[in-house]
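Undergrad: Following this message is one structure expressed as structure tokens.
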Amino acid sequence: MTSLRSTAHDAGERIRSAGLRVTDSRRAVLDAVRERPHASADELFTLVARTVPNTSLQSVYNALGDFVEAGLVRRIEPAGRPGLFELRVDDNHHHLVCAECGAVEDVDCTVGAAPCLTPSDAHGYAVSVAEVTFWGVCPACAAASR
Ligand SMILES: [Zn+2]
Ligand SMILES: [Zn+2]
63 MTSLRSTAHD
73 AGERIRSAGL
83 RVTDSRRAVL
93 DAVRERPHAS
103 ADELFTLVAR
113 TVPNTSLQSV
123 YNALGDFVEA
133 GLVRRIEPAG
143 RPGLFELRVD
153 DNHHHLVCAE
163 CGAVEDVDCT
173 VGAAPCLTPS
183 DAHGYAVSVA
193 EVTFWGVCPA
203 CAAASR
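Position 78, counted from 1, in the sequence shown is what the numbering used here calls 140; the numbers after and before it change by one each time, with no gaps.
Below, the structure is given as structure tokens:
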């Protein structure tokens, strides 16, 4: 549903509207995040290097950092995995992670706005976000171990 909004504009336009300077490298990084949701910076670098051969891993990291800061890209960090990047930033969705192969699936939030869960005791904290990671074994890994 909301993924349509994420792809409505071209990369250059989205970068510009976030107040960032548009460069070939930034454009390629944003396209790579769209093409491969939940990829790590290393994986995105491999994709970007195909279209922008003179790019560096550091410039991919920098672009991702700028995008996250500008709210264009969301970074998730399942325990024990590198940071993973995606364009779905504003729907408070959650993730299923395979503990064996590291596959990641989006799980729509039933509420859609953060925080969608409240702690049994908030200890006086003003809670802003509840980020849920469901860990399990994906169907492919379950089939392989059978
Ligand atoms: Zn798996
Ligand atoms: Zn996601």
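We put the beta carbon where it would ideally sit given N, CA and C, even for glycine.
All values derive from a computational prediction rather than experimental measurement.
1. Quick one: residues in its chain with C-beta nearer than 6 Å to the C-beta of Arg-137, no 5 flanking neighbours on either side, listed in chain order?
2. Have a look at Ser-121, Cys-160, Thr-180, Leu-134 and flag the residue whose alpha-carbon is nearest the alpha-carbon of Ala-204.
3. In the DSSP assignment, what are the bridge partners of Gly-198?
4. Curious, which full-length beta strand (DSSP E) runs of at least 3 residues does the segment 122 to 160 contain?
5. Report all residues from its chain with a CB closer than 7 Å to the CB of Arg-76; omit the five preceding and five following residues, and keep chain order.
6. Are the segment 119 to 129 and the segment 167 to 184 touching, with three or more C-beta to C-beta distances below 8 Å?
7. If we count Cβ pairs, one from each stretch, closer than 8 Å, do we get three or more for the segment 186 to 196 versus the segment 165 to 176?
8. I'd like to know whether the C-beta atoms of Val-84 and Ala-94 end up nearer to each other than 8 Å.
9. Helix, strand or coil for Asp-86, going by three-state DSSP, please let me know.
10. So, using beta-carbon positions, are Ala-90 and Thr-108 closer together than 8 Å?
11. Please determine whether the Cβ atom of Val-199 lies at a distance below 7 Å from any heavy atom of ligand 1.
12. What residues match up with Asp-168 in a beta bridge as DSSP calls it?
TA: The structure says:
1. For the purposes of this step, residue 137 is taken as the residue at position 75 of the sequence shown. Here the set comprises Val-130, Gly-145, Phe-147.
2. Stepping through the sequence shown from its first residue, residue 204 is reached at position 142. Comparing Cα positions, the closest option is Cys-160.
3. For the purposes of this step, residue 198 is taken as the residue at position 136 of the sequence shown. In the DSSP output, where bridge partners are listed per residue, Gly-198 has Cys-160.
4. 136 to 138, 146 to 148, 156 to 160
5. Translated into the one-based positions of the sequence shown, residue 76 becomes position 14. Leu-92, Leu-134, listed in sequence order.
6. no
7. yes
8. Walking along the sequence shown from the start, residue 84 turns up at place 22. Walking along the sequence shown from the start, residue 94 turns up at place 32. Cβ distance not < 8 Å, so Val-84 and Ala-94 don't count as in contact.
9. Taking the sequence shown and counting its residues from 1, one reaches residue 86 at position 24. Three-state DSSP puts Asp-86 in a helix.
10. To locate residue 90, count along the sequence shown from 1; it is residue 28. To locate residue 108, count along the sequence shown from 1; it is residue 46. No, the pair does not count as a contact, with Cβ atoms beyond the cut-off.
11. To locate residue 199, count along the sequence shown from 1; it is residue 137. Val-199: yes, Cβ under 7 Å from ligand 1.
12. Position 106 of the sequence shown, counting from 1, holds the residue named residue 168. In the DSSP output, where bridge partners are listed per residue, Asp-168 has His-157.
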